[in-house]
Amino acid sequence: MADQFSESDIRPINFESGQKQALEQDIEWLLERKDSFVKVSCPACGSDRSRTLFHKYGLTYRECDNCETLYISPRPTGKILEEFYKNSKNYAFWAKYIYPQSEKIRKTKIVTPRVQRISTLAEEYGISKNKIVEVGAGFGTFGQVIVESGEFNHYYAVEPTPDLARECEAKGLNVIMEPIEKAYLEVTNADVVVSFEVIEHLFNPKDFIKKCTSLMGPNSLLILTCPNWKGFETQVLMEGSDTFDAEHLNYFSPSSMKLCLESLGLEVLKLFTPGEIDVDIVKSKIEKGFEVKEDKFIQYLTSRTDKETLNNFQRFLQKNNLSTHMWVAAKKIDL
Ligand SMILES: [Zn+2]
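Position one of the sequence shown corresponds to residue 2 (our numbering), numbered consecutively onward.
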């Protein structure tokens with residue numbers, strides 16, 4: 002089990018206002034292009050039946066009637082998103098301030114347990130630990146830790162954004178500076194393909210997952226992480242949750258994730274929600290004046306019980322797939 006940590010460990014509070022400003026500028030940039038947004042069907046199951054659940058930042062969040070995936074529609078096109086990430090003030094802020102200050106603690110509390118979890122999953126399902134590919138490698142922190150750990154023989158980072166790819170290269174990693182659809186030209190037959198917190202950002206997550214499977218070898222694992230919007234933090238805070246930001250377009254639940262992967266010829270081996278900070282996030286929102294509508298229990302839980310009770314409650318959420326942070330491991334169905 003991962004060591005416990007709190008929200009402020011990974012998002013230092015001294016940067017709160019600066020980051021908020023950067024995020025606001027990003028949202029403004031996006032909304033200026035709202036006329037070019039397009040309506041989409043459910044990104045998990047393709048159904049057109051959905052209802053509006055709430056609006057936030059001038060965006061419409063719809064819930065699929067068929068599979069309960071929550072998604073933004075109308076949404077920015079792939080082309081707008083590409084521009085967005087190139088110009089994002091929020092990403093620049095993270096790169097300059099938040100990552101450098103929180104990198105050390107992220108490594109110990111998030112990335113090292115992540116490496117261990119992946120290694121354990123590979124062993125559990127009899128997967129060779131020869132070649133691992135990370136799609137969307139970002140700053141290369143995971144790559145660095147997994148290479149140092151020696152758990153896998155070869156690591157490849159797929160990272161199309163030039164600035165980030167250079168960060169990965171500077172860390173001495175094998176980098177494929179191509180979008181996912183061209184990555185197979187440089188790497189195939191991976192034993193494990195991982196992608197952390199990417200699919201929620203994409204115009205078409207299903208298409209992306211399909212492309213990830215093209216990198217997989219015959220006896221291999223696909224491991225994805227993303228928010229579980231049926232988790233405690235997001236269900237309690239709903240539109241007040243920072244998980245619902247302008248960048249996240251797709252919000253799966255455990256069942257909609259399963260449905261989506263199965264429709265792509267994958268079998269879900271394990272789905273779990275090992276999130277650590279649901280209770281901490283809810284507690285700090287309430288302390289800052291957020292009102293949980295008519296929920297006396299949540300108020301009581303977060304303000305009147307002790308640390309041990311809160312930790313136990315978080316463990317309960319983890320055990321029952323009720324945390325907002327989700328992991329899924331799947332394999333290709335043998336034809
Ligand atoms: Zn659906």
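For every residue, glycine included, the Cβ atom is placed at its ideal position computed from N, Cα and C.
With contacts defined as CB atoms closer than 8 Å, E69 and S257 qualify as a contacting pair. Looking at the DSSP output, I181 bridges to nothing. Under the DSSP assignment, T121 falls in the alpha helix (DSSP H) whose first and last residues are T113 to E125. For C169, the enclosing alpha helix (DSSP H) covers residues P163 to A171. Every residue whose Cβ sits closer than 5 Å to any heavy atom of ligand 1 is listed here in chain order: C43, A45, C46, S48, C65, N67, C68 and T70. Scanning the stretch 202–229 from its first residue to its last, the whole alpha helix (DSSP H) runs of 4-plus residues come out as 206–214.
The stretch 259–270 makes no contact with the stretch 302–315, as fewer than three CB pairs between them are under 8 Å.
With contact defined as three or more Cβ pairs closer than 8 Å, the stretch 65–81 and the stretch 46–55 are in contact. In this chain, the alpha helix (DSSP H) harbouring K21 covers E17 to L32.
Around the CB of T121, fewer than 16 other CB atoms lie within 10 Å, so the residue is classed as exposed. The beta-carbon separation of F16 and I147, rounded to 27 Å, does not stay under the 8 Å limit for a contact. Contact between F204 and T226 does not hold, since the beta-carbon distance rounds to 19 Å and is not under 8 Å.
DSSP places F273 inside the beta strand (DSSP E), whose first and last residues are L267 to F273. Under the DSSP definition of a beta bridge, H326 partners with P228.
Rounded to whole angstroms, the gap between the alpha carbons of L186 and L82 is 24 Å. In this structure V195 is not in contact with I282, their Cβ atoms being roughly 25 Å apart against a cut-off of 8 Å. Ranked by how close their Cα comes to the Cα of A247, the residues A45, G47, C43 and K90 have K90 in first place. By the neighbour-count criterion, in which 16 or more other beta carbons inside 10 Å mark a residue as buried, E135 falls on the buried side.
The secondary-structure analysis by DSSP pairs H56 across a beta bridge with T61.
The stretch 314–333 makes contact with the stretch 227–246; the number of CB pairs closer than 8 Å reaches 3 or more. Beta bridge pairing from DSSP links S304 with no other residue.
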